[in-house]
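Trainee:
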Amino acid sequence: MNLKKFFKYFLLMFGLFLTMYTLKIMYQQKYIATLDIKEIKGKTLNIMTSSLFSERNLIETFGSRFKSNIKYTIEEKNEKYFNIKNDEIHALIYPSFTYRQEGTGKGYQAMDESKLPNLLNIDDNHVEYMRKLYTISGKLYAAPVAYVPYAIFFDKEKIKPSTTGKSYFTGNIKVALSGDYGSFLALVKILGLKPDMASVASIQKTLGKGNVILFDPDKLDAAADLIKKEKSLIVIAPIYLKSYMETRVELNEVILPDEGTYATLYLVSIVGDGELELSHIFVNHVIDPSIQKTLCDILGYPVINKLALKSMEPLQYNTLKMNTPEYFKNLLVLKNRKEFDNAVNLYNAFIKGL
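Converting from the sequence shown to the working numbering requires adding 1142 to each position, the first position being numbered 1.
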């Protein structure tokens, strides 16, 4: 193909892309235009979620679009999401392993998919996951929002970069772990183990006695001081700490290993039967491409809306491996309370033996 033909082909394909993107944006705007704002204007929607999803733009954009308010109840303890009893909560953003399947009474409410046009933009792998686990008798009870994988952080001037996670744990090296079960599960996945008691002894042997420190991810200044003091060359922590690790801990490289890692998948559901119309609007809002882009660009979460990728920097979605959607299938994701309780027990056994 000569250069002239190449440019003609490129312009044609680019034009088709812009047309499709514009049509999708117009479809979303058409959906907003069909809403009766008078019915929801001035109302307040009560949301329970962790602070991970209290991003300012998400809240302010919702208010400006729909002339309604969001009131957040921030809950960091995963155990609280297993038994939601608060009648004042209208919707939840929560870890997938706390999902309950009854979907009746004061539990999750079946969602009207005709009111959720952004479901059409969810990545195919997540659609498959959603239909398999969160659709009961043809009715949808939860939709994915984003996921938070645990990454490997290091200084590329001191550690040779590799996309293979195992290669970082072959020698006598100091490792800092985020003080929670997620960092342990990340090691389980990276080292090709199973989440059982045998993996506890195996990981302790691989890392070596005295080479592991734990830091509190909620006390980052103290964490940075500890990591520097102990001269830990490798850190395993949630991906959203990327900017902090670069600026405060001076670790200039981050990878999601080829073998996969542990990730917490977050879902959104409608709870109870209060404010159903506004709750549907909120669900559609958090999976909107513009909001998904914000969650990724500002907070660093891999997101599930494939249309959002069109306006992201390639470096961003390459680092998070969203350019290879099948990577989600390589992740270790807890599915229920039994798996969660097992992970906590294994982590406690692990740190007891350090």
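Every residue, glycine too, gets a C-beta built ideally from N, C-alpha and C.
Let's test the definition: count the other Cβ atoms within 10 Å of the Cβ of A1364 and tell me whether it reaches 16, buried, or not, exposed.
Mentor: Result: exposed.
Trainee: Which of the three DSSP states is assigned to M1190 in this structure?
Mentor: Looking at M1190 - three-state DSSP - the assignment turns out to be strand.
Trainee: Using the Cβ count rule (16 or more neighbours within 10 Å means buried), how would you classify T1240?
Mentor: Result: buried.
Trainee: Excluding sequence positions up to five away, which residues of its chain have a Cβ less than 7 Å from the Cβ of M1168?
Mentor: Note that M1168 scores a pLDDT of 40, beneath 50, so its modelled location is shaky; the value from the coordinates is reported in the next line. Counting only Cβ-Cβ distances below 7 Å, and skipping sequence neighbours, we find nothing.
Trainee: Would DSSP call E1481 helix, strand or coil?
Mentor: Note: E1481 maps to helix in three-state DSSP.
Trainee: Cα separation between M1339 and L1488?
Mentor: Roughly 6 Å separates the two Cα atoms.
Trainee: How about K1384: is its C-beta nearer than 7 Å to some C-beta of chain B?
Mentor: No chain B is present in this structure, which holds just one protein chain.
Trainee: Just the C-alpha distance for P1286 and Y1408, rounded to the nearest angstrom, thanks.
Mentor: C-alpha separation (whole angstroms): 6 Å.
Trainee: Please name the residue in L1327, V1396 and L1418 whose C-alpha comes closest to that of K1185.
Mentor: When only C-alpha atoms are compared, the closest one is L1418.
Trainee: By alpha-carbon positions, which one of L1329, N1484, G1495 and K1477 ends up nearest to S1309?
Mentor: That would be L1329, whose Cα lies nearest to the Cα of S1309.
Trainee: Work out the CA separation of Y1323 and V1084 for me, nearest whole Å.
Mentor: The structure shown does not extend to residue 1084, since the chain is modelled only from 1143 through 1496, so no value can be given for it.
Trainee: Would you mind reading off the limits of the alpha helix (DSSP H) that contains P1431?
Mentor: Here the alpha helix (DSSP H) through P1431 covers P1431 to L1441.
Trainee: Hey, could you find the ends of the alpha helix (DSSP H) L1327 is sitting in?
Mentor: Y1323 to I1332 is the span of the alpha helix (DSSP H), which, as asked, contains L1327.
Trainee: If the criterion is Cβ atoms closer than 7 Å, does the pair L1478 and G1402 meet it?
Mentor: The displayed chain sequence assigns Asn, not Leu, to residue 1478. Not a contact, by the Cβ cut-off of 7 Å.
Trainee: Does T1240 come out as helix, strand or coil in the three-state DSSP assignment?
Mentor: Helix at T1240.
Trainee: On the three-state DSSP scale, how would you describe K1213?
Mentor: In the structure shown, K1213 sits in a strand (DSSP, three-state: E or B).
Trainee: If you run the structure through DSSP and keep just helix, strand and coil, what is L1375?
Mentor: It is coil, neither helix nor strand.
Trainee: To the nearest angstrom, how far is it from the Cα of I1446 to the Cα of D1297?
Mentor: Answer to the nearest angstrom: the Cα atoms are 30 Å apart.
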